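K.L.:
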Amino acid sequence: MLPRSRYPRSEKCFAAASRILPGGVDSPVRAFKAVGATPIFVVRGRGAYLEDVDGHRYIDYVMSWGPLIHGHAPGGLVKALASAASQGTSFGAPTELETRLARRVAMLMPSMERVRFVSSGTEAAMSAARLARAATRREKIVKFEGCYHGHADAFLVQAGSGAMTLGVPTSPGVTAGAAQDTLLARYNDLGSVEDVFRQYSGEIAAVFVEPIAGNMGVVPPREGFLQGLREICDREGALLVFDEVISGFRAGAGGAQRVFGVRPDLTCLGKIIGGGLPVGAYGGRRDVMDLVAPAGPVYQAGTLSGNPLAMTAGLWSLEQLSPKLYRRLGALGARLAAGLADAARDAGVALQVSAFGSLLTPFFTSQPVRDFRSALSCDTDAYGRFFRAMLARGVYPPPSQFEAWFLSAAHTDRHVARTLEAAREAMHEV
Ligand SMILES: *Cc1c(COP(=O)(O)O)cnc(C)c1O
Numbered sequence: 067m068l069p070r071s072r073y074p075r076s077e078k079c080f081a082a083a084s085r086i087l088p089g090g091v092d093s094p095v096r097a098f099k100a101v102g103a104t105p106i107f108v109v110r111g112r113g114a115y116l117e118d119v120d121g122h123r124y125i126d127y128v129m130s131w132g133p134l135i136h137g138h139a140p141g142g143l144v145k146a147l148a149s150a151a152s153q154g155t156s157f158g159a160p161t162e163l164e165t166r167l168a169r170r171v172a173m174l175m176p177s178m179e180r181v182r183f184v185s186s187g188t189e190a191a192m193s194a195a196r197l198a199r200a201a202t203r204r205e206k207i208v209k210f211e212g213c214y215h216g217h218a219d220a221f222l223v224q225a226g227s228g229a230m231t232l233g234v235p236t237s238p239g240v241t242a243g244a245a246q247d248t249l250l251a252r253y254n255d256l257g258s259v260e261d262v263f264r265q266y267s268g269e270i271a272a273v274f275v276e277p278i279a280g281n282m283g284v285v286p287p288r289e290g291f292l293q294g295l296r297e298i299c300d301r302e303g304a305l306l307v308f309d310e311v312i313s314g315f316r317a318g319a320g321g322a323q324r325v326f327g328v329r330p331d332l333t334c335l336g337k338i339i340g341g342g343l344p345v346g347a348y349g350g351r352r353d354v355m356d357l358v359a360p361a362g363p364v365y366q367a368g369t370l371s372g373n374p375l376a377m378t379a380g381l382w383s384l385e386q387l388s389p390k391l392y393r394r395l396g397a398l399g400a401r402l403a404a405g406l407a408d409a410a411r412d413a414g415v416a417l418q419v420s421a422f423g424s425l426l427t428p429f430f431t432s433q434p435v436r437d438f439r440s441a442l443s444c445d446t447d448a449y450g451r452f453f454r455a456m457l458a459r460g461v462y463p464p465p466s467q468f469e470a471w472f473l474s475a476a477h478t479d480r481h482v483a484r485t486l487e488a489a490r491e492a493m494h495e496v
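Each residue of the sequence shown is one higher than the one before, starting from 67 at the first, in my numbering.
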């Protein structure tokens, strides 16, 4: 006889969802396919905890994939949202909230001289690509293997065989035409960027990069990598675009650009900027941003862009950021990273923990991870076993080896200690 499932209600919910939603979810990683499980269905989040329909409670390290730097449902945010909602949920006309949030963003990230709000990170990156092409009158963009910039056609591209190959679509439905304008380079490898520029001299509009990679698992930039990109872009007349959808307000209040002291031409934001509501933004050099309609000819619009509830959540979230918060998150992240590494070593499991402040990924491999190819050396089945063992012990890590763990202001030393107790046991089930 099969053992009784721990998740009977979630399984029922998932079966019902799968009859009407493709794959049972609205975004693929949520389906737990990469960890050989069925997704838990959530009823509520509170602080550092998530509760599912079966009555289990988890210490949450997904935190909605990054936005919830202040934890689930912080009181001040809930109050601000209720008050804003009582005044109307959308106007399709400007409010002062947009100016206030844009000013705060520009104060934290001075490279953002002008800001345009959109509703997702995907929209931010897609719009920045159009703008960069218009500003340079060039058509090609460079991205890095393993970096994610949302699901616009131009970014759903991976190398078939190395940096010199033309982009090959990662998804059916992306045309060869869209893919051929996307060139690939290797993260942390300036030589691969030089090669691409040599081959496509004068044709490259922009280099898009996650200044701290978060979508192949966490991979920080090597010393000099971002500075090197800045120099290459300046020399070649291409724009440097930082996709700080994860790292913005996460690496520090000023994003990775402040931490590493490199000023991009354009920046894409998302996740934390919406405080858990759907917000994205792109912005940067005034001369470039002034090409965006209606200031200029580059068309981009949105019915719900600058939505008052979303702006309220963003403002509240950015107002709570402080140096003290980042010090605390950094210390917690370091403890969690060191503890996971210890737990693996004691259990004889090969593990590389890669961390940056409140972001981390335990890579199940014996090789250092510096780019997408080394990340692919991971034993994803081992990660799946670890994930399931953690879930059974009341800890919810990301349901994929290649996603970041996120800490929040609601996480405490006690949560981390409990997580490490669970991890010490779980490592024996890997
Ligand atoms: C999540 C993410 C995106 C896409 O944002 P969505 O809001 O999911 O569209 C883009 N870039 C990076 C770096 C991300 O992590």
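We treat Cβ as the ideally placed atom computed from N, Cα and C, and that holds for glycine.
All values derive from a computational prediction rather than experimental measurement.
#1: Kindly indicate which three-state DSSP category residue 228 falls into: helix, strand or coil?
#2: Secondary structure at residue 115, three-state DSSP: helix, strand or coil?
#3: Are residue 178 and residue 349 touching if we call contact CB-CB under 8 Å?
#4: Should residue 281 be listed as close to ligand 1, given that the test is whether its C-beta is under 7 Å from any heavy atom?
#5: Taking a contact to mean a Cβ-Cβ separation below 8 Å, would you say residue 166 touches residue 375 in this structure?
#6: Around the Cβ of residue 109, are there at least 16 other Cβ atoms within 10 angstroms (buried) or fewer (exposed)?
#7: Alpha carbon to alpha carbon, how far is residue 282 from residue 236? Give it in angstroms, no decimals.
#8: Taking the C-alpha atoms as reference points, what is the distance between residue 155 and residue 367?
#9: Assign residue 200 to one of three DSSP states: helix, strand, or coil.
#10: Is residue 214 near ligand 1, judged by its Cβ being under 7 Å from some heavy atom?
#11: Three or more C-beta pairs closer than 8 Å, one from the stretch 352-371 and one from the stretch 386-396: is that the case here?
#12: Starting from the N-terminal side, write out each stretch of the alpha helix (DSSP H) that is 4 residues or longer and does not extend beyond the stretch 152-211.
#13: Please tell me whether, using a cut-off of 7 Å, the distance from the CB of residue 162 to the nearest non-hydrogen atom of ligand 1 is below it.
#14: Taking DSSP's pairing of strands, which residues face residue 348 in a bridge?
#15: When we look at the beta-carbon of residue 242 and count the other beta-carbons within 10 Å, is it buried (16 or more) or exposed?
#16: Give the DSSP bridge partners of residue 418, in chain order.
#17: Compare the beta carbon distance of residue 470 and residue 284 with 8 Å and say whether it is the shorter of the two.
#18: Taking residue 420 as the reference, which of 414, 405 and 385 has the closest Cα?
#19: Helix, strand or coil: how does DSSP classify residue 477 here?
#20: Under the rule that 16 or more other beta-carbon atoms within 10 Å means buried, what is residue 85, buried or exposed?
P.N.:
Inspection of the coordinates gives the following:
#1: With a pLDDT of only 41 at residue 228, under the threshold of 50, the placement of this residue in the model should not be trusted; the figure read from the coordinates follows. Here residue 228 sits in coil by DSSP.
#2: Looking at residue 115 - three-state DSSP - the assignment turns out to be strand.
#3: Taking 8 Å as the cut-off, the Cβ atoms of residue 178 and residue 349 count as close.
#4: Short note on residue 281: C-beta closer than 7 Å to some heavy atom of ligand 1.
#5: Taking 8 Å as the Cβ cut-off, residue 166 and residue 375 do not qualify as a contacting pair.
#6: Around the beta carbon of residue 109, a 10 Å sphere encloses fewer than 16 other beta carbons of the protein chains shown; the residue is thus reported as exposed.
#7: Looking at the two C-alpha atoms, the distance is approximately 15 Å.
#8: Pairing residue 155 with residue 367, the inter-Cα distance amounts to about 18 Å.
#9: The DSSP-derived three-state label of residue 200 is helix.
#10: Between ligand 1 and the CB of residue 214, the shortest heavy atom gap is smaller than 7 Å.
#11: No: fewer than three Cβ pairs fall under 8 Å.
#12: Those alpha helix (DSSP H) runs which fall completely within the stretch 152-211 and span 4+ residues are 162-174 and 187-202.
#13: Checking the Cβ of residue 162 against ligand 1 gives no.
#14: The secondary-structure analysis by DSSP pairs residue 348 across a beta bridge with 182 and 334.
#15: Its Cβ having fewer than 16 others within 10 Å, residue 242 is exposed.
#16: The partner list for residue 418 (beta bridge, DSSP) reads 429.
#17: Closer than 8 Å, so yes.
#18: Residue 405 holds the alpha-carbon nearest to the alpha-carbon of residue 420 among 414, 405 and 385.
#19: Here residue 477 sits in coil by DSSP.
#20: So residue 85 counts as exposed.
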